[in-house]
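If you read the sequences in order, they're chains A and B. Take the first sequence: its letters are residues 1 to 631, numbered as in my numbering. Take the second sequence: its letters are residues 632 to 757, numbered as in my numbering. Glycine included, each C-beta is placed from N, C-alpha and C at the ideal position.
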Amino acid sequence: MLSETGHLFIFASTFLSLSLIFFSIKEIKGNKKSSFPVIVSFSKFQLIFTNLSFLTLMGGYIISDFSIVNVYENSHSSKPLIYKISGVWGNHEGSLLLWINVLVIFSFLFFKKNNKHNKEFSLFTLVFQNILILGFFIFLITTSNPFSKIFPIPLEGLGLNPILQDPALAIHPPLLYLGFVGSSIYFSAALSSLLTKFSGKDFGTIIKPWVLISWLFQTLGILVGSIWAYYELGWGGYWFWDPVENSSLIPWFLMTALFHSVLVLEKRNGLYLWVIILSILTFTMSVTGTFLVRSGILNSVHTFANDPTRGLYLLIFLSLMVFLSLYIFYRYAPSENKKFELFSKEFFILTNNWFMSFFLITVLIGTIYPIFLEVLTNQKISIGPPYYNTVLAPFLIPVLFLMGYGPKSSWISSKPVKEKNILFILVVSTLLSVILIYFLNNKNFLINLVLIFSTYLVLQTIFDLYKSIKKKHVLNYSSNYSSFFSHLGFGFLIFFISLNSIMSIEHDFNLKIGEKKQLKNITINFKKLDSFEEKNYQKIVGEIEVINAQEKTTEVLKPEIRVYNQPETITYEASIKSNILSDTYVTMSNISKENIYNIKFQKKPFMNMIWLSTILIVLGGSFRILTRKSL
Amino acid sequence: MKKIKVLFLTLIITFSFAKILKADEDLNNKIYKNLRCLVCQGQSIADSNSDFAQTIKSVVKDQTKNGMKEDEIYSFLSEKYGDWILYKPPLKNKSYILWALPYIFFIIGAFIIFFILKKTIKIRKY
């Protein structure tokens, strides 16, 4: 029953999408009888039907309707309600439906917001957005139908992968999708802007909030994913340069470059073509990322359910997207002649874009190089954290400096910022860092430099903030607060990541119950082991006492080994005692058929500060959206 | 006066940070992190609980004990398992491009910015 309803909604939305394309083109051509009211109401119905199709699938999960294959394969009646709901996007078909929903929501909101003043522009945007929607609907119906039926109806479902049964992971995909797919709207708007010869300045003003919104969600999505990886995967790591992490980072770099450039477009009517290129690239890269993940080309923790036909479809769709954009770009792009003075704000934004492009290209090369190498020469290589750290880290130093220096410059001006305090702050931060480095006894020159410059960025930003509050520029420069907070957050982020990488401790050893392990000042006491039955799994809980002689503290940690029944899987749950300065992190695993357990003990300093810094970056961005008079 | 206060506050905070546990350079852990667990989905040897990871760990432990250098261990393992096991691709024929490309793009970027500036300066002259 739900399956039929779902099909109905999907087909209705697909039809509406086709009609929207048809009527919008008709309207643009200018008929006597305006079909504009039809378009408005159709776009509303499209939103309603698409959302209903998603709710229908969710309903299937909630009532455990196993006549739907997708529910049968990914759910189980004994699962807690929240994981029944999050199970909807914990698989390929459901997440694709979510993807389409985001496309439609953004399409509707953008059209609603802009159709009064810029009719032709928003109609073209609607056409392009609906071409995307249509493309994904066809993809959904032909290769990944979430409403396919199964007969005879199974009594019980197969269950959701247990590592996905987690609150952070319940919200991670929707957040990322709002970012990834949110970028579709400025992809469509960019093409539309070229076709309608729209004013660059207005284009900048119109897409700015959308860029910011998608950037915000992308950042949050990456953050939540990192937090999840940190406590759920049991590595103690939070970023692994996994190809799929990379494919969320690539659009992030683009979005960051984009909303800096949009400022130039808005304020100085410059960089129009570059903004267009970035807008097109962001969504293209999002789809590329999806293609890489869903086609199963990549070897990663994220790879679930892959199928060559899906890959092929996405590849064709992607190529069409790229060719269409290239054609429109070359056919309609106006020529641009804009002045850029050295030391002006627009110059520094250009520099920002230069570095972002470099980061982006490095990550992109690192992600796809092994694929090409394997296809061409049949040789397999791995590209992991050491590659990215080696190539990217040195470039953080100029970026950190420019992030402190750049925002002080003004538009158009060609003179360097005249302030003695830059040198002063640089000296102070070097001094502070040297003291810190001395205490940490760190000999890695590069990390030391990064520490110095991240300290500089933090101090410089705080100093500027303090100065502007003192001068009471609060009202005039409200949008500058946004860059203060974001840049401050970034400075802190790099500072704490560096400290974390220097100061982390990791020990790996085998213990029997009742045994102790002595590490310098820390005693680890494996006290006991208990076994419990839970609703959908059985767990073995170890009790491990960590006694720190130096700090005179005792912590009790309880790592778990879980045996899930549906589907049968073993997972290792880390136990983390977290406080503001340092986390104690213990994982335990059994060594086959013996009563010896492998215990991994880690001290991870400043983890919470890393998360908080990222939240500060996000706060900066939201500040800019909130202080706008209208969205 | 205020500046001095701020400075002192920063110093105090810095010192209290520095008191936290110092990390010892652990070569073994570093090596584990740079090796791929071949039987897992995108995990390093350091992060994996699999039997394969345990074996590699004990091999690495023995080798560092016997005084083998980091690079020697990497080349030993890549001879045995192929370069697939190394997260840092060694500089060889097949990876020259990989290591060079990012820098090439960076330099191209520099040229682009340079030309934009040059154009501006020219326009200003006329």
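- Decide yes or no for the touch test of the region 531-544 of chain A against the region 552-563 of chain A: beta carbon pairs closer than 8 Å, at least 3 of them. yes
- Three-state secondary structure (DSSP) of V670 of chain B: As a first step, residue 670 of chain B must be located in the second sequence, where it is residue number 39. Correct three-state label for V670 of chain B: coil.
- Message: Which of the three DSSP states is assigned to S675 of chain B in this structure?
- Response: In the second sequence, the residue the question calls residue 675 of chain B occupies position 44. DSSP places S675 of chain B in strand when its eight states are reduced to three.
- Task: Measure the beta-carbon distance from W241 of chain A to G90 of chain A and round it to whole angstroms, keeping in mind my assumption that it falls under 8 Å.
- Result: Position 241 of the first sequence holds residue 241 of chain A. Position 90 of the first sequence holds residue 90 of chain A. W241 of chain A to G90 of chain A, Cβ: 24 Å. No contact.
- Task: Could you run through the region 371-402 of chain A and flag, in chain order, every residue whose CB is less than 7 Å away from some CB of chain B?
- Result: L373, T377, Q379, K380, I381, S382, I383, G384, P385, P386, Y387, V391
- Under 8 Å Cβ-Cβ, which residues of chain A neighbour Y718 of chain B? Stepping through the second sequence from its first residue, residue 718 of chain B is reached at position 87. Per Cβ cutoff of 8 Å: S382, I383, G384, P385, P386, Y387.
- Item | Residue burial classification, N697 of chain B (beta-carbon count within 10 angstroms, cutoff 16) | What you label residue 697 of chain B is simply residue 66 of the second sequence in a count that begins at 1. Flag for N697 of chain B reads exposed.
- Buried or exposed for L433 of chain A, please, with buried defined as at least 16 other CB atoms from any protein chain shown within 10 angstroms of its CB. Looking up residue 433 of chain A in the first sequence gives position 433. Reading the sequence as shown, one finds Ser at residue 433 of chain A and not Leu. The residue in question, S433 of chain A, is buried, as its Cβ has 16 or more Cβ neighbours within 10 Å.
- Are any of the Cβ atoms in chain B nearer than 7 Å to that of S454 of chain A? Taking the first residue of the first sequence as position 1, residue 454 of chain A is located at position 454. For S454 of chain A, the answer is no, since every Cβ of chain B falls outside 7 Å of its Cβ.
- Counting only beta-carbon atoms, is D166 of chain A nearer than 7 Å to chain B? Counting from 1 along the first sequence, the entry for residue 166 of chain A is found at position 166. No, no contact with chain B.
- State the beta-bridge partners of R562 of chain A as determined by DSSP. On the first sequence, position 562 is the one that residue 562 of chain A refers to. Paired residue(s): A:K539, A:T571.
- Query: From the beta carbon of D242 of chain A, is the nearest beta carbon of chain B less than 7 Å away?
  - Reply: Translated into the one-based positions of the first sequence, residue 242 of chain A becomes position 242. At least one chain B Cβ lies under 7 Å of D242 of chain A.
- Item | Contact list for the region 225-238 of chain A against chain B, Cβ threshold 9 Å | L233, G234, W235, G236, G237
- Task: Compare the C-beta of T751 of chain B with all C-beta atoms of chain A and state if any pair is closer than 7 Å.
- Result: What you label residue 751 of chain B is simply residue 120 of the second sequence in a count that begins at 1. Answer yes: the Cβ-Cβ gap between T751 of chain B and chain A drops below 7 Å somewhere.
- Query: Are the C-beta of N724 of chain B and some C-beta of chain A separated by less than 7 Å?
  - Reply: Residue numbering aside, residue 724 of chain B sits at position 93 when the second sequence is read from its first letter. Not closer than 7 Å to any Cβ of chain A, the Cβ of N724 of chain B fails to qualify, so no.
- Cβ of Y369 of chain A less than 7 Å from any chain B Cβ? Here residue 369 of chain A refers to the residue found at position 369 of the first sequence. So, interface residue.
- Please go through the same chain and pick out, in chain order, the residues whose beta-carbon is closer than 8 Å to the beta-carbon of E73 of chain A, but skip the five residues on each side of it. To locate residue 73 of chain A, count along the first sequence from 1; it is residue 73. Only N91, G157, L158 meet the Cβ criterion.
- Query: Excluding the five sequence neighbours on either side, which residues of its own chain have a C-beta within less than 7 Å of the C-beta of I25 of chain A, listed in chain order?
  - Reply: On the first sequence, position 25 is the one that residue 25 of chain A refers to. If we look at I25 of chain A and ignore the five residues flanking it on each side, its Cβ neighbours are V127.
- Message: Whole angstroms are fine: how far does the CA of E120 of chain A sit from the CA of T5 of chain A?
- Response: In the first sequence, residue 5 of chain A corresponds to position 5, counting from 1. In the first sequence, residue 120 of chain A corresponds to position 120, counting from 1. Their backbone Cα atoms lie some 35 Å apart in a straight line.
- Item | the region 130-149 of chain A in contact with the region 4-18 of chain A per 3-pair CB rule at 8 Å | yes
- Query: Nearest chain D C-beta to T554 of chain A closer than 7 Å, yes or no?
  - Reply: The structure shown contains no chain D; its protein chains are A and B.
- Message: Between F746 of chain B and chain A, is any beta-carbon pair separated by less than 7 Å?
- Response: To locate residue 746 of chain B, count along the second sequence from 1; it is residue 115. F746 of chain B does not count as touching chain A.
- Message: Could you pull the DSSP bridge partners for K516 of chain A from this structure?
- Response: Position 516 of the first sequence, counting from 1, holds the residue named residue 516 of chain A. DSSP lists A:N525 as partners of K516 of chain A.
- Closer than 8 Å by C-beta to G620 of chain A: which residues in its own chain qualify, once you throw out the five before and the five after it? Chain order, please. Your numbering for residue 620 of chain A matches position 620 in the first sequence. These residues qualify, in order along the chain: Y481, S482, S483, F484, F485, S486, H487, L488, G489.
- Query: Going along the chain, which residues of its own chain have a beta-carbon closer than 7 Å to the beta-carbon of F348 of chain A, five neighbours each way excluded?
  - Reply: Translated into positions along the first sequence, residue 348 of chain A becomes position 348. Excluding positions up to five away in sequence, the list reads L402, G406, S409.
- Task: Identify the continuous alpha helix (DSSP H) that holds K267 of chain A and give its terminal residues.
- Result: To locate residue 267 of chain A, count along the first sequence from 1; it is residue 267. Looking at the DSSP string, the run of the alpha helix (DSSP H) that includes K267 of chain A is 243-268.
- Query: Checking contacts by CB at 7 Å: is F736 of chain B closer than that to chain A?
  - Reply: Numbered from its first residue, the second sequence carries residue 736 of chain B at position 105. For F736 of chain B, the answer is yes, since a Cβ of chain A falls inside 7 Å of its Cβ.
- Straight-line Cα distance separating M285 of chain A from A190 of chain A: Taking the first residue of the first sequence as position 1, residue 190 of chain A is located at position 190. Taking the first residue of the first sequence as position 1, residue 285 of chain A is located at position 285. If you take the alpha carbons of A190 of chain A and M285 of chain A, they lie about 15 Å apart.
- Item | Whole-angstrom C-beta distance between M609 of chain A and F496 of chain A, which should lie under 8 Å | On the first sequence, residue 496 of chain A is found 496 positions in, with the first residue counted as 1. On the first sequence, residue 609 of chain A is found 609 positions in, with the first residue counted as 1. Yes, they are in contact, since the Cβ atoms of F496 of chain A and M609 of chain A sit about 4 Å apart, within 8 Å.
- Message: For chain B, check one thing: does any of its Cβ atoms lie closer than 7 Å to the Cβ of L350 of chain A?
- Response: Within the first sequence, the letter at position 350 stands for residue 350 of chain A. Yes, L350 of chain A counts as interfacial toward chain B.
- Query: L8 of chain A lies in the alpha helix (DSSP H); which residues open and close that run?
  - Reply: Your numbering for residue 8 of chain A matches position 8 in the first sequence. Residues 2-29.
- Task: Compare the C-beta of G698 of chain B against all C-beta atoms of chain A and say whether one is closer than 7 Å.
- Result: Position 67 of the second sequence, counting from 1, holds the residue named residue 698 of chain B. Not an interface residue.
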